[in-house]
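Chain order of the listed sequences is A and B.
Residue numbering for the first sequence is 1 to 363, as defined by UniProt numbering.
Residue numbering for the second sequence is 1 to 363, as defined by UniProt numbering.
Yeah, the Cβ is synthetic: ideal placement off N, Cα and C, and Gly gets one too.
Quick caveat: nothing in here was measured; it's all calculated off a predicted structure.
Protein chains: 2
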Amino acid sequence: MDRAANPGARPTMEDVARRAGVSRALVSLVMRGSPKVSEQRRTAVLRAARELGYRPHVMARSLASRTSTVLGVMVSDLHNPFFAEIVDGLDAVARAEDFELIINTGSRSPARERRALNSLLSFRPAGVALLGPVVSAAEIGLAAQQVPIVLVAARPTRLSNVDIVNDDGEAGAELAVDHLVSLGHNKIVHLDGGGGSQAGTRRRGYLKAMRRHGLEPVVLRSEYTDAAGAKAVRELLAEHDGDLPTALVAANDYNAVGAISALEEAGLRVPEEVSVVGYDNTSLAALRHLSLTTVDQPRTEMGRLAAEALVQRIRGQRSEPVHQLLHPSLVVRSTTAHPPLHPPPQSPTRQPAGKSATAGGTS
Amino acid sequence: MDRAANPGARPTMEDVARRAGVSRALVSLVMRGSPKVSEQRRTAVLRAARELGYRPHVMARSLASRTSTVLGVMVSDLHNPFFAEIVDGLDAVARAEDFELIINTGSRSPARERRALNSLLSFRPAGVALLGPVVSAAEIGLAAQQVPIVLVAARPTRLSNVDIVNDDGEAGAELAVDHLVSLGHNKIVHLDGGGGSQAGTRRRGYLKAMRRHGLEPVVLRSEYTDAAGAKAVRELLAEHDGDLPTALVAANDYNAVGAISALEEAGLRVPEEVSVVGYDNTSLAALRHLSLTTVDQPRTEMGRLAAEALVQRIRGQRSEPVHQLLHPSLVVRSTTAHPPLHPPPQSPTRQPAGKSATAGGTS
DNA sequence: TGGTTTTGTTAGAGCGCTCTATTGGTTAGA
DNA sequence: TCTAACCAATAGAGCGCTCTAACAAAACCA
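As structure tokens, then:
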């Protein structure tokens, strides 16, 4: 009844002003927390606003102020909980710095991702974070001309006007290989992530570490999925019939889980006969049922740094691009052990001696 | 150079109009695909727009038109891939009907969820979908006065002005119990979802089915997490030392996986000694490594129906609330089997009393 | 006391767009 | 030939807000 000339519809600043007996401009000042408002009027305005259920219209606000408090987030794959933790980090900073997050997803398809990005841009956000983008560098570059952009978990790029926050995939893969080598493995195969973001970097790290240890690298093309991991292993088993690897460095955790399934289907036990290392330390890996040895990226931290990079750019505190490379760490769980036939220097955890028969003739 | 009075900044409709030698209104018509524009001018405008890299400003548009093409989506937990599939369904409809999705998350905390909801509302969306909300009914009701709202995967509510799309959790839990009974189980314990959405409904279904079969129900308070499932089982094992159940109906897949881990830690084998049924058929359950028997909700379909409900309301095609209750189905995988010491009559898969829902899935 | 600051408040223009009239310019009908 | 009917195009108001400039009223200083 008191919604004045605006029954039913959402109350506007005008309505609040009328009810509080002040001007629209004063309401605006109160809403933005200006110090130059008398206490008396401030409380009157706040009360009127509360009574009407008024909430400022962000779009109108950003239109009028020519600024935005919106940070756009493009999540390349909502199904992958990996990104959820990055969002956690972004969200924490956004909350602290008074930005709003709007999320959008590209479903791992470049076309949809472009759509999602355009949709985000049409809100004229103050900045945009692309998590695991698969869209072309050219398009990212184009967008970067209009708004600060930070890439997270992205494949390497030559773009000069974007910030980047990645984990050091090369170091991570090296970590995995070093771990396996230290357990006594020397036939270590990498299932790579195909064209996925970070796949190339991890592959490079694997190759580098293998060379460093004087071992012969074998890379199998795969993908960031359960099914692809299983498929790659099945092919591996079919081809390299006699000469099986004793350890696998998988593209990521999903890939690793698929690989483990295929290994077990083939009667190979993990880790007794084959060790498997994942990548990402997703909640999947942590499930005690899987208990996957994996490489952990500081995801929340990555999100936090990404948001901070954006905020700095938005506030004009920095204009050169930054390229953060965070250090991953190895999380050793139960899918890695000493290889069969290669008893380690010291006392092992689980190294069944009777294993030799199996390893001798898997044929 | 030709950006006229607007160098550097994003071109506006005015810029396009100037360049094409027409009025701003005409550009507006072209942008909205009006048929009442001569072909000649249309191409001229489109060319000018292309040359300037013009993209309409959705905020300004929705401000001026007093309409919105934005659908807000509040996802209660981004880490749970369950919701990602609902978003897929929403997204499909949104794309088809020319709406934009903006997503936001509440991280399973009522306070954050309220924040997220308010943030969403401040964009004055045309409609809002709340996926697995934990915020209070009162607040939802308040929001529903301002914008059409659809609840998905929500706990039951008395709210009269919102649409609801749920799976029939009662039927789902019954499906699980019936399946276990048909395998010969009669000591079936339910690990419930505590205060989680749908937890009560599932518990009710479990109780109903147990009673129907003349069995004594046992409900253990738990939660929708891996850890909670494991904890509940550990407590169960500690207390009911002598008289263990032969089957568990878990609150959801995560809970089930935790339960399985705890069982295996205790030396109990699944499914040989204890059968476990999950709920949700998440990607987790499908991993061949877990191969969890579970209840599947048609999630994408739920998302689709939710979006359609919103669109109908937005278009004014309907004003009464709808309450959709979708039928779940059982996916039998490898975590359920006949109970020990109780060899079944024959080898059943289905259960006698022709229940409405089907038994689908693998294996 | 008069002038200068300071403080609190407001009018009014305008952000980029849509939308309702309204305007000329054709064409059709009689 | 005139009017009605249509068509393409446009002027101008206004969506809900911010922001600059201007303005009273109170406070300060000499």
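Can you give me the start and stop residues for the alpha helix (DSSP H) that residue i sits inside?
| i | result |
| --- | --- |
| His-179(B) | 169-182 |
| Gln-40(B) | 39-52 |
| Gly-141(B) | 137-144 |
| Gly-229(A) | 226-239 |
| Val-189(A) | That residue, Val-189(A), is in no alpha helix (DSSP H); its beta strand (DSSP E) goes 188-191. |
| Leu-275(A) | Correcting the residue type first, residue 275(A) is Ser in the shown sequence and not Leu. Per DSSP, Ser-275(A) belongs to no alpha helix (DSSP H); it is in the beta strand (DSSP E), 275-277. |
| Val-134(B) | Element bounds for Val-134(B): n/a, residue is neither H nor E. |
| Leu-284(B) | 283-286 |
| Ala-60(A) | 58-65 |
Near residue i, what residues of its chain come up, given a Cβ to Cβ distance below 8 Å and the 5 sequence neighbours on each side ignored?
| i | result |
| --- | --- |
| Gln-146(A) | Leu-121 |
| Arg-304(A) | Gly-89, Leu-90, Ala-92 and Val-93 |
| Val-257(B) | Asp-226, Gly-229, Gly-278, Leu-284, Leu-290 and Leu-292 |
Counting C-beta neighbours from all protein chains within 10 Å, is the total for residue i 16 or more, i.e. buried, or is it exposed?
| i | result |
| --- | --- |
| Glu-216(B) | exposed |
| Arg-317(A) | Before going on, a small fix: residue 317(A) reads as Gln here, not Arg. Its Cβ having fewer than 16 others within 10 Å, Gln-317(A) is exposed. |
| Thr-335(B) | buried |
| Thr-43(B) | exposed |
| Gln-40(A) | exposed |
| Arg-212(B) | exposed |
| Pro-340(B) | exposed |
| Gly-267(A) | exposed |
| Ser-62(A) | buried |
| Ser-65(A) | exposed |
| Ser-23(A) | exposed |
| Gly-242(B) | exposed |
| Asp-98(A) | exposed |
| Arg-333(B) | buried |
Taking residue i as part of the beta strand (DSSP E), name the residues at either end of that continuous run.
| i | result |
| --- | --- |
| Ala-199(B) | Element bounds for Ala-199(B): not the beta strand (DSSP E) but the alpha helix (DSSP H), 199-212. |
| Asn-104(B) | 100-105 |
| Gln-324(B) | 323-326 |
| Thr-294(B) | 294-296 |
| Ser-329(A) | 329-331 |
| Val-73(A) | 70-75 |
| Val-249(B) | 247-249 |
| Val-22(B) | Note, Val-22(B): premise wrong, no beta strand (DSSP E); not H, not E. |
Excluding the 5 residues preceding and the 5 following residue i in the sequence, name in chain order all residues of the same chain whose CB lies nearer than 6 Å to its CB.
| i | result |
| --- | --- |
| Ala-48(A) | Val-16, Arg-19 and Ala-20 |
| Ala-285(A) | Asp-253, Gly-278, Leu-292 and Thr-294 |
| Leu-237(A) | Ala-266 |
| Leu-287(B) | none |
| Val-181(B) | His-213 |
| Leu-29(B) | Val-37 |
| Arg-112(B) | Gly-106 |
Mind reading off the beta-carbon distance from residue i to residue j? Whole number of angstroms is fine, and I expect it under 8 Å.
| i | j | result |
| --- | --- | --- |
| Gly-72(A) | Thr-300(A) | With a Cβ gap of about 19 Å, Gly-72(A) and Thr-300(A) do not count as contacting. |
| Glu-223(A) | Gly-196(A) | 7 Å |
| Asp-167(A) | Leu-326(A) | 5 Å |
| Ser-119(B) | Glu-308(A) | With a Cβ gap of about 20 Å, Ser-119(B) and Glu-308(A) do not count as contacting. |
| Ala-143(A) | Leu-117(A) | 6 Å |
| Arg-203(A) | Val-219(A) | 6 Å |
| Val-249(B) | Val-331(B) | The Cβ separation is near 14 Å, so there is no contact. |
Would you mind working out which of the options sits nearest residue i, comparing C-alpha positions?
| i | options | result |
| --- | --- | --- |
| Pro-328(B) | Val-295(B), Pro-340(B), Ile-314(B) and Val-177(B) | Val-295(B) |
| His-240(B) | Met-59(B), Glu-308(B), Thr-157(B) and Val-189(B) | Val-189(B) |
| Glu-272(A) | Ala-247(A), Ala-209(A), Arg-313(A) and Val-134(A) | Ala-247(A) |
| Glu-154(B) | Met-74(B), Gln-317(B) and Gly-267(B) | The sequence given here has Ala at residue 154(B), not Glu. Measuring from the Cα of Ala-154(B), the nearest candidate turns out to be Met-74(B). |
| Pro-125(A) | Ala-337(A), Arg-313(A) and Leu-191(A) | Arg-313(A) |
| Met-59(B) | Ala-144(A), Ser-68(A) and Ala-259(A) | Ser-68(A) |
| Lys-231(B) | Asp-77(B), Arg-204(B) and Ser-261(B) | Ser-261(B) |
| Val-322(B) | Val-219(B), Ala-209(B), Ile-149(B) and Val-249(B) | Ile-149(B) |
| Thr-282(B) | His-79(B), Val-27(B) and Leu-52(B) | His-79(B) |
| Leu-131(A) | Ile-103(A), Arg-115(A) and Phe-123(A) | Ile-103(A) |
| Met-302(A) | Ala-84(A), Ala-251(A) and Thr-105(A) | Ala-84(A) |
| Ile-86(B) | Ser-38(B), Val-165(B), Ala-138(B) and Val-45(B) | Val-165(B) |
| Asn-161(B) | Lys-187(B), Val-218(B), Gly-127(B) and Gly-33(B) | Gly-127(B) |
| Ala-96(B) | Asn-186(B), Ser-76(B), Val-311(B) and Arg-108(B) | Val-311(B) |
| Ala-306(A) | Asp-280(A), Glu-14(A), Pro-81(A) and Leu-151(A) | Leu-151(A) |
| Tyr-206(B) | Gly-172(B), Glu-235(B), Gly-194(B) and His-185(B) | Gly-172(B) |
| Asp-77(A) | Ala-25(A), Pro-133(A) and Leu-46(A) | Pro-133(A) |
Within the same chain, show all residues whose beta-carbon is closer than 7 Å to that of residue i, passing over the 5 residues directly before and after it, in chain order.
| i | result |
| --- | --- |
| Ala-337(B) | Leu-183, Pro-271, Glu-272 and Ser-275 |
| residue 365(A) | With chain A represented from 1 up to 363, any question about residue 365(A) goes unanswered, as that position is not in the structure. |
| Lys-208(A) | Glu-170 and Glu-174 |
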